[in-house]
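As numbered in the numbering used here, residues 83 to 325 make up the sequence shown, in order. Ideal Cβ positions, reconstructed from N, Cα and C, are used throughout, including at glycine. Because the structure is a prediction, the values reported are computed rather than measured. Take a look at the structure set out below.
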Amino acid sequence: MAATDGKFPTTEWTLISRLHSRDSEVAQKALNELCEQYHYPLYCYVRRRGLDHHDAQDALHEFLLKLLRLRSFQGLREEHGRLQGFLAMALDRFLANWHRDHARQRATLSLDCENSLSDAERRFRHERLRDEESPQRLFERKWALELLQHVVTVLREKYAMKGREPLFRALLPAIKGQGSLRGEESERIAAELGMTVGALRVAMSRLLKDYRELLRAEVRQTVSRNEDVDGELRHLMSLFMRR
């Protein structure tokens, strides 16, 4: 997944390709990255399927280990396309046959991954989730939110490394909104940052460009082919439309 040094992720060696690598060390590292970034959507899916906190944590832990142990990601080829869809299908099949007393192998997930799973219930209880939302849609929506938050985090680090974090913080609300600044708002922010309105608008345009490029690069990590990126982006955005 994207590095935290402010650089955009490369797409030649995507998360998908690393997950189904025959090199066990590469695959293990990729699984840990997947768990650390996307554990919460998976956890929400399991909880919405009716498992309590302890069962959900145990089941998800075993599910992730089983994926790696059986090299299940070898099946994630172009015909599947989307990592998100593949995981939902695999998890659904796994839960159909899961029992709490299955053997657990706690030692093989990273400490960060273990901590992520432990924190999931606190988040789940704190959030106000719509009761009518299906497990599948909840999973997809949380997946999209985690991806977008990751993009913002990496972009913030990129700007911080350049000494421009105050600019990033000032423009972030506009990025999360409509991607534009109103006249009075532009004047206020420009004055606070010691910039002209024109320079602020140029900075806003560059930030939007960086955001879109990073978002595309992150989505590319989770689909099999370059040509699938636009379709996946449209799907992710559709998850936030009211039904």
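DSSP beta-bridge partners of residue i
i	result
ARG100	Per DSSP, none; premise fails for ARG100.
ARG164	VAL305
Reference residue i, options the options, closest by Cα
i	options	result
GLN119	GLN231, ASP140 and LEU237	GLN231
ARG246	ILE98, SER103, ARG207 and LEU289	LEU289
LEU220	GLU269, VAL233 and SER320	SER320
GLU209	SER103, TYR122 and GLU309	TYR122
GLY259	ASN114, TYR293 and VAL279	TYR293
ALA178	GLY167, LEU149 and ALA141	ALA141
ASP277	LEU254, PRO248 and ILE257	First, the amino acid is wrong: residue 277 is Met here, not Asp. The shortest Cα separation from MET277 among LEU254, PRO248 and ILE257 belongs to PRO248.
LEU254	VAL233, MET243, GLU269 and ALA273	VAL233
ILE98	SER106, GLU107 and ALA112	ALA112
LEU116	LEU229, ALA272 and TRP180	LEU229
HIS136	ALA109, ARG204, ASN114 and GLN110	ARG204
ARG316	GLU222, ARG104, ALA285 and GLU274	GLU222
SER106	GLU309, ASN308 and ARG151	ARG151
Contact under 9 Å by Cβ, residue i with residue j
i	j	result
ALA202	ALA299	no
PHE145	LEU173	yes
THR235	THR96	no
SER216	ARG302	no
LEU296	LEU237	yes
PHE168	LYS148	no
ALA252	PHE322	no
TYR125	PHE206	yes
GLU267	ALA256	yes
ALA170	GLN110	no
LEU275	LEU263	no
Buried or exposed (CB count within 10 angstroms, at least 16 for buried), residue i
i	result
ARG100	buried
LYS240	buried
LYS291	exposed
SER306	buried
GLY132	exposed
LYS224	buried
VAL311	buried
VAL128	buried
ALA273	exposed
MET243	exposed
GLU314	buried
ASN114	buried
ALA189	Confidence in ALA189 is poor, its pLDDT being 41 and thus under 50, which makes the residue's placement unreliable; the coordinate value appears in the next sentence. Exposed is the call here.
GLU309	exposed
Cβ-heavy atom distance, residue i to the ligand ZN, below 8 Å
i	result
THR278	Absent from the structure shown: the ligand ZN. Ligands present: none.
Subject >> Sequence ranges, alpha helix (DSSP H) only - wholly within the stretch 227–305, length at least 4 >> reply: 247–258, 265–275 and 279–302
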